[in-house]
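S.K.:
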Amino acid sequence: MGMLDQAFDAVIIGAGHNGMALGAYLAKSGWSVAILERRTEEGGGLCTEEVTEPNYLHNLHANYHSLFGICPVYDDLELLNNGVEYIHPAVQMGSIFADGSAMTIHTDMAKTAASFARFSQKDADTWMRLWDEVSGYLDLMVRTLMYAPPIALKDLTRALASWGVEDKSEFLTARLRSMSVVEFLDKHFENDRIKAMLAFHAAICGYQPHVRGLAVSYPVLLGKIANWHVCKGGSHRLAHALMRVVVKAGGRVFPQVPVTKIVVENGRAVGVMTPDGFVKANRLVASSVDVHQTFQTLLDQEVVPAQTLKDVAEVKYQEASLFNVHLAMNGLPRYKAAAFDPDIDRAWILNIGFERLADFEEEFSLVRAGKLPKVPRINAAVNSIYDPTDAPAGKATGLLRIFAPFALEDGGAEGWNKAARAYGQACVDRWLAEMVEEDQRQLVRRFATETPLEISQKIINYRFGDWMVGQIHPKNLLEQRPTKELAEYRTPIQGLYLCGASQHPHGYITFAPGYNALGIIAEDLGLDKWWEQV
Amino acid sequence: MSQTEHDVIIIGGGHHGLTAAAYLARAGVDVCILEGRHEWGGALYTAEVTAPGFCHNIHANFMEFLHVMPFFQDFDLPSLGARTIYPEIQAGIAFKDGRPPVLIYRNDMIEETAKSFAVYSKHDAETWRDLKTKANQLELIVSAALYTPPLKWNQGETPPSPLLPAHNLFSLFGLDEEMAFKSVRDCIDECFESDEVRALLYRVAIEFAAPSLEWPGSGYFFLFACLVMPGCWRMMVGGTHRLNGAMVTACIKSGATMRESSRVRRILMEGGRAAGVELVDGKRLMARKAVVSAIGLKDTFLKLLGEEHLSPYARRRTKNFKDGPDQVLGSVAMALHEPPKYKSAKWDPGIDRAWYQVVGYDSAKDVLDYCRAGHCDRIPELPAAAVWINSLWDATQAPAGKHNLTGWYFFPRASALTEAEWEEVRETYNEKFLTLYGEFAPNMTRDNVIADYLHTPLDQHRGMRMREGDFGHGAMSLDQMMGLRPFAGASHYGTEVPGLYLAGSCTHPGGGVTAACGYNAVKVLCEDLGLPQSVWQNPARFY
Ligand SMILES: Cc1cc2nc3c(=O)[nH]c(=O)nc-3n(C[C@H](O)[C@H](O)[C@H](O)COP(=O)(O)OP(=O)(O)OC[C@H]3O[C@@H](n4cnc5c(N)ncnc54)[C@H](O)[C@@H]3O)c2cc1C
Ligand SMILES: Cc1cc2nc3c(=O)[nH]c(=O)nc-3n(C[C@H](O)[C@H](O)[C@H](O)COP(=O)(O)OP(=O)(O)OC[C@H]3O[C@@H](n4cnc5c(N)ncnc54)[C@H](O)[C@@H]3O)c2cc1C
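If you're matching them up, the sequences are chains A and B in order.
Counting with our numbering, you get residues 6 to 539 for the letters of the first sequence.
Counting with our numbering, you get residues 38 to 580 for the letters of the second sequence.
Shown next, in the form of structure tokens:
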């Protein structure tokens, strides 16, 4: 019998972490589950490949995992017992500034404050108050804002107001909903570099610092500033663990089986088409891919209400994708700035180039114009500092990322094919300029690039290279993500659910869209919950 | 992962390790399999090394044993995602001046092959008809030989000569038994007269395990590589790594504990027995019953175990085990706008759809010279190759309308060149190949290539721990075959170290995606651990 000749209770489109998590919960509930993946490998954004040289493991996409220890899925699916290991770097983030000074964010907040205090004692004190405050409600906020279906922004502000938030809290106010991260930082902090460091954290989480309204979830974001984790041995191990959970529970993951159509009969999704033929879904089809693909390509246009199609057509993607440089190196980097702050050599996620809030504005307006900054501003990470297993003994693996337009002013998206190598070299040079002299000469063995265009070709749901699968903008968050009608993971097609990064809260390795879709599905189909829904 | 003790620990998650893990786990044995890399399957490896969406089988591509492979049948791997395609035209060679190609078709299409050979020689067509028919009839015998452990050898006895079965095989083919003493080249030359047919068969022979074309006593590989194997080749839909996916699923389903990114650095001895392993991060895992090593011989005995635990005999034989025939594979990959269109296609368009396409040689002598380079530690001057374009059959392996060419060069062993010299090869050799390619298929210009990649034997040596880049984990020469693989005292999967077993390609039947080493090791383990034969027996099979 062919592998897809049977009917499954659930057919899931896409074996990213969201699709696999949903599949795992359902399989553990006794359902038969097939997860169909168009790529040769499961995991979606959890992909680790030796793109420079054998034995150098590069996380092409999800490198920084920020919800371990917070997200309930890790425990529910016993991922640590299935082969996932996380490392929590002691020096989480850092900035190297043009004048040779450096700043570091530690898991030990006293050390963070000490680093900030070298720039501004006042800001260091403010930071500690902010941190304490955020720590108090982080858990609650994460659970209500992330691991539950979206609540309307106005309900959220109303709840905060009735809670009397302004009296109880220095930083949380109902006004955040109309503020940008930049405004928030300007309001509370005085030092340019501390502000730049904190805005950098927002930017790498997909929050453009000057976009109005995003301040509303910024405190939650700050609460995770010291929760960055390295997935030991490469992010792809998380995919392996998920696959094991699915298979142990009786489910199946089938890579290299692209879904070409969602089959709808009498208003109900009854299965999908693949190059291998029809795959029947008895209870539901769940799509973890972008809404454009789901509604414009996979569904016959006649079966989708006109308004739904119209709304989907309006869904926007992030202006800034990422240009990535992966490095094979002869050892760990040693920065000149270590003379100022020795901890910088152990900082995992590094900001090189954002010195003040205005730099973000400039960076993103260049991106909007399809331009590349002459001197790249880099987000760098050397996982080997904390996970030496990702490179041969004594060697190291590195990553440089730059916010970048999908389409270049010069040559459009295809222009990247010509520009990539030279721009990659420019990024490497910019980074090496921060090293001690010996490293400048001999540190880098080889590098490989991945352009926004290549991102969108490799994982097609990252349309326009958007790793969040939908803009991070007040118009596309919470109960409006991806559209008002689709925000609750249901669709106008009966039996068709949405469970990927297009949904609330957003992309990143959060498991939240899959987990929240699960809650809705459990409700709709009367599933006995063996897990404790948060 | 808290469990630190298991019945059996398997080192190496290549396909042999996976085979052993699946059978033992299904029999209820508490098995833990450890893989050093972050990915399973070893040489069952597919990666997008050129450009996104182009899947390249950088290592194994031609699955010649699936139709007889016990693992494939017993665990219904197709139902777990291992889908196959069986291309009609299996192999072909094109020529520079556009004269007719020579094509080899599937086992069930002997007449078509004969027709293609007949363009150059009626005699060769007739010979093929005769020998290939016999090869097909012998399939069962060949399978049984693969999937049965060699007889156990006891110290003091004369080592079993692999020549004996080779003699027998020749006589089964109706050929003179003494041909077993000859070289592959001599056998090919004796049976086939056309230079074009010989050129194709030379290349096929070295590709499929002949250690050398010209060593006397390797005639056996002529039967195997030229007559038995071409015609059996299946393609994995989605790339060879999908076979791994199905094997891994079978292991998980059966209850094996699987740990990737877990490189073993030491085999632990206790009371004269192999009792467990230590990982590179210092973690220790103990084995109550057996440690099974499915990695290379030298790594097992010299690196992980330590020669102090070996008898002088085993130490000697291990150190003198040959890694690599003199020529090993380098892999070329190209992302293409359109598939090659050969000049030779004007005579027979089949060449454009041959799965294994030999390109760059214009005569049998070209192939000989090419192979000799490897024996002299040189990179062949003629930048020729054999390539395949899987996207012609399986559209999922490349973006819509595009094509994924992958292929093999023959290079000297990894240690023959310095790192800098390999770097130079990596930078320049594909370009030379492409220039030559254009003379055989004019559309193969730089403009047709979206991106390209070259994987050197040194990469192979480092990445997959295949010493010297040897794709068989030990040369498949007659002195290292059957009851002599890896050496007489270790050819029965058990070793002189109690509790330590071998299950990798360094045992019979050697390299290739056979799943036989793992399967045969399971047979021996069942006996030693007191498990019933029903663990592996299948009424539909006698081996
Ligand atoms: C360059 C880059 C850097 C990133 N860095 C980080 C980071 O540091 N930290 C972090 O947390 N996140 C990061 N991300 C984002 C993160 O990887 C994604 O947001 C996340 O993986 C989304 O998960 P998902 O399960 O919703 O979708 P995905 O992981 O994208 O999975 C969806 C799957 O569906 C498959 N698919 C698409 N179409 C079909 C079809 N028709 N049929 C079958 N299958 C289909 C895709 O191939 C894919 O495997 C990064 C992303 C990129 C691109
Ligand atoms: C370029 C190339 C082309 C080939 N083409 C074909 C073909 O077309 N058809 C065919 O049938 N065969 C082909 N082969 C041969 C075939 O692929 C191999 O012989 C076969 O896959 C070997 O299987 P294995 O399980 O013995 O070893 P491997 O696949 O090498 O697996 C061994 C595994 O052990 C792991 N390992 C090593 N050391 C340790 C350690 N200390 N701790 C833990 N894990 C460790 C390795 O990482 C690896 O995954 C080819 C091989 C190559 C290299």
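C-beta atoms are modelled at their ideal positions from N, C-alpha and C, and glycine is treated no differently.
Everything numeric in this text was worked out from a predicted model, so none of it was measured.
Can you find a C-beta in chain A that's less than 8 Å from the C-beta of B:T286?
M.R.: As a position in the second sequence, residue 286 of chain B is number 249, starting the count at 1. Yes, its Cβ sits closer than 8 Å to a Cβ of chain A.
S.K.: May I ask you to verify whether the region 470 to 479 of chain B touches the region 130 to 137 of chain B, counting CB pairs closer than 8 Å and requiring at least 3?
M.R.: The answer is yes - the region 130 to 137 of chain B touches the region 470 to 479 of chain B, with three or more Cβ pairs under 8 Å.
S.K.: According to DSSP, what are the bridge partners of B:I48?
M.R.: Position 11 of the second sequence, counted from the start, is the residue given in the question as residue 48 of chain B. Beta-bridge pairing links B:I48 to B:L71, B:S330.
S.K.: Ignoring anything shorter than 3 residues or poking outside the region 463 to 524 of chain A, list the beta strand (DSSP E) runs there in chain order.
M.R.: If we require 3 residues or more, the beta strand (DSSP E) runs fully inside the region 463 to 524 of chain A come out as 501 to 503.
S.K.: Apply the 10 Å Cβ neighbour rule to A:W535 and answer buried if 16 or more other Cβ atoms are within range, or exposed otherwise.
M.R.: Start at 1 with the first residue of the first sequence, and residue 535 of chain A comes out as number 530. A:W535 is exposed by the Cβ-count criterion.
S.K.: Going by CA-CA distance only, name the one from B:Y60, B:V66, B:L81, B:G73 that's closest to B:G548.
M.R.: The residue given as residue 548 of chain B occupies position 511 in the second sequence. Of B:Y60, B:V66, B:L81, B:G73, the residue nearest in Cα terms is B:L81.
S.K.: Within 8 Å (strictly less), CB to CB, does B:I289 reach chain A?
M.R.: Walking along the second sequence from the start, residue 289 of chain B turns up at place 252. Interface residue, yes.
S.K.: Quick one: which chain A residues come within Cβ less than 7 Å of B:H588?
M.R.: Any question about residue 588 of chain B goes unanswered here, given that chain B covers just 38 to 580.
S.K.: Given B:K560, which residues of its chain have a CB within under 7 Å of its CB, disregarding the five upstream and five downstream residues?
M.R.: Translated into positions along the second sequence, residue 560 of chain B becomes position 523. Excluding residues within five positions, the ones whose Cβ falls inside 7 Å are P186, W573.
S.K.: Give the straight-line distance between the Cα atoms of B:Q570 and B:D167, rounded to the nearest whole angstrom.
M.R.: Looking up residue 570 of chain B in the second sequence gives position 533. Looking up residue 167 of chain B in the second sequence gives position 130. The straight-line gap from Cα to Cα measures roughly 38 Å.
S.K.: So what's A:N64 in DSSP terms, helix, strand or just coil?
M.R.: Taking the first sequence and counting its residues from 1, the one referred to as residue 64 of chain A is at position 59. In this structure, A:N64 counts as strand in the three-state DSSP scheme.
S.K.: Quick check: the Cα distance between B:G73 and B:V317, rounded to an integer number of angstroms?
M.R.: In the second sequence, the residue the question calls residue 73 of chain B occupies position 36. In the second sequence, the residue the question calls residue 317 of chain B occupies position 280. When rounded, the distance between both Cα atoms is 9 Å.
S.K.: So B:M100 packs on B:L280, CB below 8 Å; how close in whole Å?
M.R.: Locating residue 100 of chain B in the second sequence gives position 63, counting from the first residue. Locating residue 280 of chain B in the second sequence gives position 243, counting from the first residue. Yes, they are in contact, since the Cβ atoms of B:M100 and B:L280 sit about 7 Å apart, within 8 Å.
S.K.: Check this for me: beta carbons of B:E533 and B:G541, under 8 Å apart or not?
M.R.: Reading the second sequence from its first residue, position 496 is the one you call residue 533 of chain B. Reading the second sequence from its first residue, position 504 is the one you call residue 541 of chain B. No.
S.K.: When you compare only the Cα positions, how much space is there between B:P523 and B:L55?
M.R.: On the second sequence, position 486 is the one that residue 523 of chain B refers to. On the second sequence, position 18 is the one that residue 55 of chain B refers to. Each residue's Cα considered, the two are about 20 Å apart.
S.K.: Please report how far the alpha carbon of A:L65 lies from the alpha carbon of B:I388, in whole angstroms.
M.R.: Position 60 of the first sequence, counted from the first residue, corresponds to residue 65 of chain A. Position 351 of the second sequence, counted from the first residue, corresponds to residue 388 of chain B. Answer to the nearest angstrom: the Cα atoms are 38 Å apart.
S.K.: What number of angstroms, rounded off, separates the C-alpha of A:A277 from the C-alpha of A:F452?
M.R.: Taking the first sequence and counting its residues from 1, one reaches residue 277 of chain A at position 272. Taking the first sequence and counting its residues from 1, one reaches residue 452 of chain A at position 447. Note that residue 277 of chain A corresponds to Val in the displayed sequence, not to Ala. Rounded to the nearest angstrom, the two C-alpha atoms are 40 Å apart.
S.K.: Under DSSP, the beta strand (DSSP E) around A:V330 begins and ends at which residues?
M.R.: As a first step, residue 330 of chain A must be located in the first sequence, where it is residue number 325. Its beta strand (DSSP E) spans residues 325 to 334.
S.K.: Between the beta-carbon of B:P449 and the beta-carbon of B:D496, is there less than 8 Å?
M.R.: The residue you call residue 449 of chain B lines up with position 412 of the second sequence. The residue you call residue 496 of chain B lines up with position 459 of the second sequence. Result no, Cβ atoms of B:P449 and B:D496 do not sit closer than 8 Å.
S.K.: Alpha carbon to alpha carbon, how far is B:K169 from B:L212? Give it in angstroms, no decimals.
M.R.: Locating residue 212 of chain B in the second sequence gives position 175, where the first residue counts as 1. Locating residue 169 of chain B in the second sequence gives position 132, where the first residue counts as 1. Those two C-alpha atoms are separated by around 13 Å.
S.K.: Using a Cβ-based criterion (distance less than 7 Å to any ligand heavy atom), does B:I332 qualify as near ligand 2?
M.R.: Position 295 of the second sequence holds residue 332 of chain B. Yes, the beta carbon of B:I332 sits closer than 7 Å to at least one heavy atom of ligand 2.
S.K.: Answer with buried or exposed for B:Y446, where buried requires no fewer than 16 other C-beta atoms within 10 angstroms of its C-beta.
M.R.: Translated into the one-based positions of the second sequence, residue 446 of chain B becomes position 409. Counting Cβ neighbours within 10 Å, B:Y446 comes out buried, since at least 16 surround it.
S.K.: Apply the 10 Å Cβ neighbour rule to A:F300 and answer buried if 16 or more other Cβ atoms are within range, or exposed otherwise.
M.R.: Within the first sequence, the letter at position 295 stands for residue 300 of chain A. With 16 or more other Cβ atoms within 10 Å, it is buried.
S.K.: Which of the residues in the region 87 to 103 of chain B, read from start to end, lie with their CB under 9 Å from any CB of chain A?
M.R.: Answer set for the region 87 to 103 of chain B: A88, P89, G90, C92.
S.K.: With a cut-off of 8 Å, does the C-beta of B:A84 fall near any C-beta of chain A?
M.R.: Stepping through the second sequence from its first residue, residue 84 of chain B is reached at position 47. Yes, B:A84 lies at the interface with chain A (some Cβ there is under 8 Å from its Cβ).
S.K.: For A:G88 versus A:R242, is the C-beta distance shorter than 8 Å?
M.R.: Numbered from 1 along the first sequence, position 83 holds the residue referred to as residue 88 of chain A. Numbered from 1 along the first sequence, position 237 holds the residue referred to as residue 242 of chain A. Cβ atoms of A:G88 and A:R242: closer than 8 Å.
S.K.: Please classify B:A437: is it buried, with 16 or more other beta-carbons within 10 angstroms of its beta-carbon, or exposed?
M.R.: As a position in the second sequence, residue 437 of chain B is number 400, starting the count at 1. It is exposed - the Cβ of B:A437 has fewer than 16 other Cβ atoms within 10 Å.
S.K.: Taking a contact to mean a Cβ-Cβ separation below 8 Å, would you say B:I95 touches B:H492 in this structure?
M.R.: The residue given as residue 95 of chain B occupies position 58 in the second sequence. The residue given as residue 492 of chain B occupies position 455 in the second sequence. Yes; because the gap between Cβ atoms is below 8 Å, this pair is in contact.
S.K.: List the residues that DSSP assigns as beta-bridge partners of B:V486.
M.R.: Within the second sequence, the letter at position 449 stands for residue 486 of chain B. Beta-bridge pairing links B:V486 to B:L373.
S.K.: Starting from B:E297, find everything on chain A with Cβ-Cβ shorter than 8 Å and list it in chain order.
M.R.: Start at 1 with the first residue of the second sequence, and residue 297 of chain B comes out as number 260. Result: G88, G238, R242, H245.
S.K.: Taking CB distances under 8 Å as the criterion, tell me whether B:T433 reaches chain E.
M.R.: Given the protein chain composition of this structure (A and B), no chain E is represented.
S.K.: Considering just the uninterrupted stretch of the beta strand (DSSP E) at A:E270, what are its terminal residues?
M.R.: Here residue 270 of chain A is taken as the residue at index 265 of the first sequence, counted from 1. 266 to 270 is the extent of the beta strand (DSSP E) around A:E270.
S.K.: One question on the structure: do A:Y391 and A:I92 come within less than 8 Å of each other, judged by their Cβ atoms?
M.R.: The residue you call residue 391 of chain A lines up with position 386 of the first sequence. The residue you call residue 92 of chain A lines up with position 87 of the first sequence. In this structure, A:I92 lies closer than 8 Å to A:Y391 by Cβ.
S.K.: For a test of your reading of the model: does the CB of B:F99 fall under 7 Å from any non-hydrogen atom of ligand 2? Yes or no.
M.R.: Position 62 of the second sequence, counted from the first residue, corresponds to residue 99 of chain B. Yes, ligand 2 has a heavy atom inside 7 Å of this Cβ.
S.K.: Could you list which residues in chain B have their beta carbon closer than 8 Å to that of A:E459, in chain order?
M.R.: Numbered from its first residue, the first sequence carries residue 459 of chain A at position 454. Here the neighbours are A88, P89.
S.K.: If distances are taken between C-alpha atoms only, which option among A:E195, A:Q323, A:D104, A:A119 comes closest to A:C210?
M.R.: By one-based count along the first sequence, residue 210 of chain A stands at place 205. Of the listed residues, the one whose Cα sits closest to A:C210 is A:Q323.
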